[in-house]
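Colleague: Protein chains in written order, with numbering that gives the first Met the number 0: chain A, 0 to 486; chain B, 0 to 486.
Protein chains: 2
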Amino acid sequence: MSITELPPVTAPVYERMSEARKAEVVHELCQILGPRYVLHSPYDLTLYEYDASIDRSKPEIVVLPSTTAEVVAIVKIAARYGTPVVPRGAGTGLSGGAIPVYGGIVIAFSRMNRILEVDYTNLRAVVQPGLVNLHLSNALNPQGFCYVPDPSSQRSCTIGGNVGENAGGPHTLIYGVTTNHVLGLEIVTADGEIVEVGGWTYDTPGYDLTGLLIGSEGTLCIVTKIIVRIVHLPETVKTMIAVFDMMDDASNTVSEIIASGVIPAAIEMMDRMILAAVEADSHAGYPIDAAAVLLIEAEGLSESVADQIEQIVNICNKHQARLVRIAANEAERQALWAGRKNAFGAVGRICPEFYVQDGVVPRTKLPYVLGRISEIVEHYGLRVGNVFHAGDGNLHPLILFDSQIPGEVERVRQAGHEILQICAEVGGSITGEHGVGMEKQQEMALIFSDVDLRTMQQVRMAWNPSQLFNPGKLFPLPGRCVEVKQL
Amino acid sequence: MSITELPPVTAPVYERMSEARKAEVVHELCQILGPRYVLHSPYDLTLYEYDASIDRSKPEIVVLPSTTAEVVAIVKIAARYGTPVVPRGAGTGLSGGAIPVYGGIVIAFSRMNRILEVDYTNLRAVVQPGLVNLHLSNALNPQGFCYVPDPSSQRSCTIGGNVGENAGGPHTLIYGVTTNHVLGLEIVTADGEIVEVGGWTYDTPGYDLTGLLIGSEGTLCIVTKIIVRIVHLPETVKTMIAVFDMMDDASNTVSEIIASGVIPAAIEMMDRMILAAVEADSHAGYPIDAAAVLLIEAEGLSESVADQIEQIVNICNKHQARLVRIAANEAERQALWAGRKNAFGAVGRICPEFYVQDGVVPRTKLPYVLGRISEIVEHYGLRVGNVFHAGDGNLHPLILFDSQIPGEVERVRQAGHEILQICAEVGGSITGEHGVGMEKQQEMALIFSDVDLRTMQQVRMAWNPSQLFNPGKLFPLPGRCVEVKQL
């Protein structure tokens, strides 16, 4: 039968459980986990109704398993009662991936947070999904190693969450995203089977299910163990800022650096609004009157880094950088990065509410798209700041707003939607690293045809026919009804 | 329903067509393609009954389409008649991926061999599946760019075939395999839909179907267009050989180079038997009395390469290399590589028939596994040569044999099977880059559990429920019956 002849995959809408039913489920879960690790009072559940996006929805039960066997038991109980299951790392996601749209059971992985094995010779580590991203590198650094993917939330986000969303970070530019650093997974399927996909080596035979599952946002399976690549720390790291009076000069510098064949470890861009916020917050030494600053990092062998830095400085100067400054020592370097990594928090000083968009465009389109973003946001009477992975063309406009003003939330959403339309129009993508979740379901149709989406949904049906795993995510829905979080 | 409760996915066995039926199908295909591009005489079909593996099976019809629309039409005709469809690049595959086990229609992509687009600024190219791998880099080199994956067969193999098998090559060590260099595909599904997966950017949202399809060996879809990454040519490339009197010293050198944090672009190893064959064939300057030679390449910025080479030389010397020689110029460098890349052909001078195995082991297990390979092959009264991607732990033992000796082919297969058992035992994989095809279906069970394999088969059923795409491949079969090719 043709995909187009198949009935459309309907997204089921799950009812919340009756109190009696819920008590039964809680009782069964307590038998497995002990009552301490089964949360169900309204007070306890409040913490789990939101992530870092603007949506929210309360789970009915939260469980905190400590073993894969417990996860299997939870999945089987949920399947028996037909209640949804939503995995959750640290709740730092920006697209609503961990929000239980239809209630059900949230599996919080905070207790499954151990490093199970490190093999320094073969450059592998095996970790549990609840491990905080930065904790892995912290454990590896003294031996001279690290785990590469470094989302800005790395001090709190978990590697399991990173796998679910295929997270990126500043160093994506040279090292790729999470999928490039994960070789194998232990997963629990919708029917409670434990399956191992991928493995210790690079190119395991058969279908690349590891690749398929990474970034599947909890809709296909529950991940219980992760085999990651680790790498040697670079011999030398040099970090610099280049200050520009014109945004376009900064954008063109980025294009020319990459086109010249130099691929730095990271190229981040911050605009005037963000610089003011960051500097007020962290005093990292960023100029507050510039139009844009590039934060550029080169790493590798000392000689190679010196050579790269020289080329980068020349290109910056050619594009009218008014100042190029290389961090003189590790403290200065850390201060520059702290400013960048805390940028979202720093914006909180200017405005209590903001909405982060995430799109990707070809680097050569940066000047055009940044201009269009300003126009769109202005049209809706809003303000925007830009802080993003410029080397990848991965934009993060932060739209400031005040939800007390009637209609403002809707205007923010509309502006966000139009920004993604521009990204799609110029041949880019509607998300770089934050995922689709609840936020960008409708926008999937901007870059995928009906047949493309139906093909993906057939894959979902093969894995998870009842759609109990993270229902109501990833694919366009006819309509949805959840609260918007008051920040 | 649980995966284990589902009826096992049965591999259909297709009957060959009656002459009348075949004439009908040929007629329909001629309407679409013109008679020139529909081959069906026994003479014409002979060329398409084998690849570079030891199996063979004749197709019933071979078609040579020139457009995606023609591929759609072919797939729809095949579906209507219930006859298998097998895509074929250059037939250089080593695991029988392009052999039509049950006859049916072979789609040969030799006419869809164009470079459709090159975007030097954003480092992308769009190509057709029949493009010969090396032709892409040849086209890019004058502008200072190249396409990285370089299988040893790159002078004849096609990028479509590379996608089907997720091909590697010597430079996999630092740059990864085909899946790391392909960003998007245009495919034709089993029901004749044209679907685009992935795209121009790195991290498209939704399921990573590009990753799933790469390496799916023609069992899920027919690829008609490929978006690849291109890269700048490195500023400097240095190539050296290190000569050892003991195999273990060479193996330990490999482990220590990687463990030291230097990741060269390639580390290839050749043993005494291979060296003799290569030197007799190409006079590249390899010593014929050594136990093992490492061919090591470093590339990047000049200063970095100089530094790497110095560290590598020190490690080689520490492990009793009796000679380390750096290619003095490009001609010498090319000669060393020509020797390595023609090694399989050179072995043909020593022995008319050989069987190439392909397995992966952790680098630290190389001395143990190489020892075990010798023992196994000796046990069966056979001879073996080793030429392989040592940096990846990706072995390629070549077992020499003579199919005129009764029972010899069976002994070769048995030795090959036992070698893969060792690879699996030490935590490796049954294939590094040559695929599963018809050759390693049974060995899939060495590294995947029943549930793992059932999970993969469910994915296949979702894409291709009638299993007309390349049937009889990839998964263990109860039994099979094909001829063994006389080399």
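The beta-carbon is built from N, C-alpha and C at its ideal position, and this holds for glycine as well.
1. Report the neighbours of H231 (chain B) on chain A: residues whose CB is nearer than 7 angstroms to its CB, in chain order.
2. Taking the straight line between their C-alpha atoms, what separation do you get for P204 (chain B) and D202 (chain A)?
3. CB-CB under 7 angstroms to R271 (chain A), same chain, minus the five flanking residues each way: which ones, in chain order?
4. Per DSSP, what kind of secondary structure is K484 (chain A) in: helix, strand or coil?
5. Can you pull the chain B neighbours of M437 (chain A), defined as C-beta to C-beta under 9 angstroms?
6. The alpha helix (DSSP H) that contains E409 (chain A), what's its start and end?
7. Among the candidates A:L130, A:N121, A:T218, A:L274, whose CA atom is the shortest distance from the CA of G198 (chain A)?
8. Throw me the rounded Cβ distance for the G299 (chain A) and S303 (chain B) pair, which I believe falls under 8 angstroms.
9. Hey, does A265 (chain B) have any beta-carbon neighbour from chain A nearer than 8 angstroms?
10. For my contact list, V411 (chain A) and Y354 (chain A) are in at a C-beta cut-off of 8 angstroms; report their separation, rounded to the angstrom.
11. Quick one: list the residues of chain B neighbouring A489 (chain A), beta-carbon separation under 8 angstroms, in chain order.
12. Can you list, in chain order, the residues of its chain whose CB lies under 8 angstroms from that of Q333 (chain B), leaving out five sequence neighbours each side?
13. Do V176 (chain B) and I225 (chain B) have their C-beta atoms within less than 8 angstroms of each other?
14. Would you report the Cα separation of V196 (chain B) and A444 (chain B), rounded to the nearest angstrom?
15. Need the endpoints of the alpha helix (DSSP H) that A337 (chain B) sits in, please.
16. From B:I173, B:V61, B:K340, B:S402, pick the residue whose C-alpha is nearest to that of V273 (chain B); which is it?
17. Only counting the same chain, and skipping five residues up and downstream in sequence, which positions put a Cβ closer than 7 angstroms to that of H170 (chain A)?
18. Is it true that the CB of F387 (chain B) sits closer than 8 angstroms to the CB of L394 (chain B)?
19. Between the Cα of I53 (chain B) and the Cα atoms of B:Q356, B:Y367, B:R362, which residue gives the shortest distance?
20. Under a CB-based cut-off of 8 angstroms, is V253 (chain B) close to chain A?
21. Taking L490 (chain A) as the query, report the chain B residues whose CB atoms sit under 8 angstroms from its CB, ordered along the chain.
22. Would the segment 207 to 215 of chain A and the segment 251 to 258 of chain A be scored as touching if the rule is three or more Cβ pairs under 8 angstroms?
23. Can you tell me whether A297 (chain B) is buried or exposed? The criterion is at least 16 other CB atoms within 10 Å of its CB, across all chains shown.
24. Determine, using beta carbons only, whether V61 (chain A) and V74 (chain A) come nearer to each other than 8 angstroms.
25. Considering only residues of the segment 123 to 152 of chain B, which uninterrupted beta strand (DSSP E) runs meet the minimum length of 3 residues and lie entirely inside it, listed in chain order?
26. For L28 (chain A), which residues in the same chain have their Cβ closer than 7 angstroms to its Cβ, ignoring the five residues on either side in sequence?
27. Going by DSSP in three states, E185 (chain A) sits in which element: helix, strand or coil?
28. Could you check what DSSP says for E296 (chain B) in three-state terms: helix, strand or coil?
29. In whole angstroms, what is the alpha-carbon distance linking E309 (chain B) and G160 (chain A)?
30. Report all residues from its chain with a CB closer than 7 angstroms to the CB of Y174 (chain A); omit the five preceding and five following residues, and keep chain order.
31. Spatial neighbours of L399 (chain B) within its chain, please: C-beta separation below 6 angstroms, excluding the five flanking residues on both sides.
32. Taking only the alpha-carbon atoms, compute the straight-line gap between T82 (chain B) and A10 (chain A) and give it to the nearest angstrom.
33. Can you name the residues that DSSP bridges to E267 (chain A)?
34. Looking at V359 (chain B): is its Cβ nearer than 8 angstroms to the Cβ of G384 (chain B)?
35. Could you name the residues of chain A that N140 (chain B) contacts, counting a contact when the two beta carbons are closer than 7 angstroms?
36. Check distances from the C-beta atoms of the segment 410 to 435 of chain A to those of chain B and list, in chain order, the residues that come in under 8 angstroms.
Modeller: A quick look at the data gives this:
1. The residue given as residue 231 (chain B) occupies position 232 in the second sequence. Ordered by position in chain A, the residues that pass the 7 angstroms Cβ test against H231 (chain B) are G260.
2. Taking the first residue of the second sequence as position 1, residue 204 (chain B) is located at position 205. Taking the first residue of the first sequence as position 1, residue 202 (chain A) is located at position 203. When rounded, the distance between both Cα atoms is 23 angstroms.
3. Locating residue 271 (chain A) in the first sequence gives position 272, where the first residue counts as 1. A distance below 7 angstroms between beta-carbons, with the five flanking residues on each side excluded, links R271 (chain A) to the following residues of its chain, in chain order: A289, A290.
4. Taking the first sequence and counting its residues from 1, the one referred to as residue 484 (chain A) is at position 485. Bear in mind that the predicted position of K484 (chain A) carries a pLDDT of just 47, short of 50, making it too unreliable to give a figure here.
5. Locating residue 437 (chain A) in the first sequence gives position 438, where the first residue counts as 1. The contacting residues do not exist; M437 (chain A) stays about 13 angstroms from chain B at best.
6. Taking the first residue of the first sequence as 1, we reach residue 409 (chain A) at position 410. Its alpha helix (DSSP H) spans residues 407 to 424.
7. The sequence position of residue 198 (chain A) within the first sequence is 199, counting from 1. Minimum Cα distance to G198 (chain A) is reached at A:N121.
8. Here residue 299 (chain A) refers to the residue found at position 300 of the first sequence. Here residue 303 (chain B) refers to the residue found at position 304 of the second sequence. Taking C-beta atoms under 8 angstroms as the contact rule, G299 (chain A) and S303 (chain B) qualify, at a distance of about 6 angstroms.
9. Along the second sequence, read from residue 1 onward, the residue named residue 265 (chain B) stands at position 266. No - not a single Cβ of chain A is within 8 angstroms of the one on A265 (chain B).
10. Residue numbering aside, residue 411 (chain A) sits at position 412 when the first sequence is read from its first letter. Residue numbering aside, residue 354 (chain A) sits at position 355 when the first sequence is read from its first letter. Contact flag correct, Cβ pair sits at about 5 angstroms.
11. In this structure chain A extends from 0 to 486, so residue 489 (chain A) is not present and cannot be described.
12. Here residue 333 (chain B) refers to the residue found at position 334 when the second sequence is read from its first residue. Closer than 8 angstroms at Cβ, skipping near neighbours: no residue.
13. What you label residue 176 (chain B) is simply residue 177 of the second sequence in a count that begins at 1. What you label residue 225 (chain B) is simply residue 226 of the second sequence in a count that begins at 1. Here V176 (chain B) is not near I225 (chain B), since their CB atoms are 8 angstroms or more apart.
14. Looking up residue 196 (chain B) in the second sequence gives position 197. Looking up residue 444 (chain B) in the second sequence gives position 445. Here the alpha carbons of A444 (chain B) and V196 (chain B) stand approximately 30 angstroms from one another.
15. By 1-based counting over the second sequence, the position of residue 337 (chain B) is 338. 329 to 340 is the extent of the alpha helix (DSSP H) around A337 (chain B).
16. For this step, residue 273 (chain B) is matched to residue 274 along the second sequence. In the sequence on display, residue 273 (chain B) carries Ile and not Val. For I273 (chain B), the nearest C-alpha among the options comes from B:K340.
17. Your numbering for residue 170 (chain A) matches position 171 in the first sequence. V147, D149, A264, A265, listed in sequence order.
18. The count along the second sequence starts at 1 and reaches residue 394 (chain B) at position 395. The count along the second sequence starts at 1 and reaches residue 387 (chain B) at position 388. Closer than 8 angstroms, so yes.
19. Along the second sequence, read from residue 1 onward, the residue named residue 53 (chain B) stands at position 54. Among B:Q356, B:Y367, B:R362, the Cα nearest to that of I53 (chain B) is on B:Q356.
20. Position 254 of the second sequence, counted from the start, is the residue given in the question as residue 253 (chain B). Chain A contact via Cβ: absent.
21. Outside the shown range of chain A (0 to 486) lies residue 490 (chain A), about which nothing can therefore be said.
22. Fewer than three Cβ pairs drawn from the segment 207 to 215 of chain A and the segment 251 to 258 of chain A lie within less than 8 angstroms of each other, which leaves the two stretches out of contact.
23. If you number the second sequence from 1, residue 297 (chain B) lands on position 298. Buried is the call here.
24. As a first step, residue 61 (chain A) must be located in the first sequence, where it is residue number 62. As a first step, residue 74 (chain A) must be located in the first sequence, where it is residue number 75. Judged by their CB atoms, V61 (chain A) and V74 (chain A) are not nearer to each other than the 8 angstroms cut-off.
25. The qualifying runs are 123 to 126.
26. Against the first sequence, residue 28 (chain A) aligns to sequence position 29. When the five nearest sequence neighbours on each side are left out, the beta carbons in the same chain lying within less than 7 angstroms of the beta carbon of L28 (chain A) are those of V37, I60, V62, I73, I76, in order along the chain.
27. On the first sequence, residue 185 (chain A) is found 186 positions in, with the first residue counted as 1. Three-state DSSP puts E185 (chain A) in a strand.
28. Position 297 of the second sequence holds residue 296 (chain B). DSSP, reduced to helix, strand and coil, places E296 (chain B) within a strand of the structure shown.
29. Position 310 of the second sequence, counted from the first residue, corresponds to residue 309 (chain B). Position 161 of the first sequence, counted from the first residue, corresponds to residue 160 (chain A). Those two C-alpha atoms are separated by around 41 angstroms.
30. Indexing the first sequence from 1 puts residue 174 (chain A) at position 175. Once the five neighbours on either side are set aside, the close Cβ partners of Y174 (chain A) are V147.
31. As a position in the second sequence, residue 399 (chain B) is number 400, starting the count at 1. Excluding residues within five positions, the ones whose Cβ falls inside 6 angstroms are C350, F353, R382.
32. Taking the first residue of the second sequence as 1, we reach residue 82 (chain B) at position 83. Taking the first residue of the first sequence as 1, we reach residue 10 (chain A) at position 11. Cα to Cα, T82 (chain B) sits roughly 35 angstroms from A10 (chain A).
33. The count along the first sequence starts at 1 and reaches residue 267 (chain A) at position 268. DSSP lists A:L294, A:H388 as the bridge partner or partners of E267 (chain A).
34. Locating residue 359 (chain B) in the second sequence gives position 360, counting from the first residue. Locating residue 384 (chain B) in the second sequence gives position 385, counting from the first residue. Contact: no.
35. Locating residue 140 (chain B) in the second sequence gives position 141, where the first residue counts as 1. Result: empty, since nearest Cβ-Cβ is about 14 angstroms, beyond 7 angstroms.
36. Listed by position along the chain: G426, G427, S428, I429, T430, G431, E432, G434, V435.
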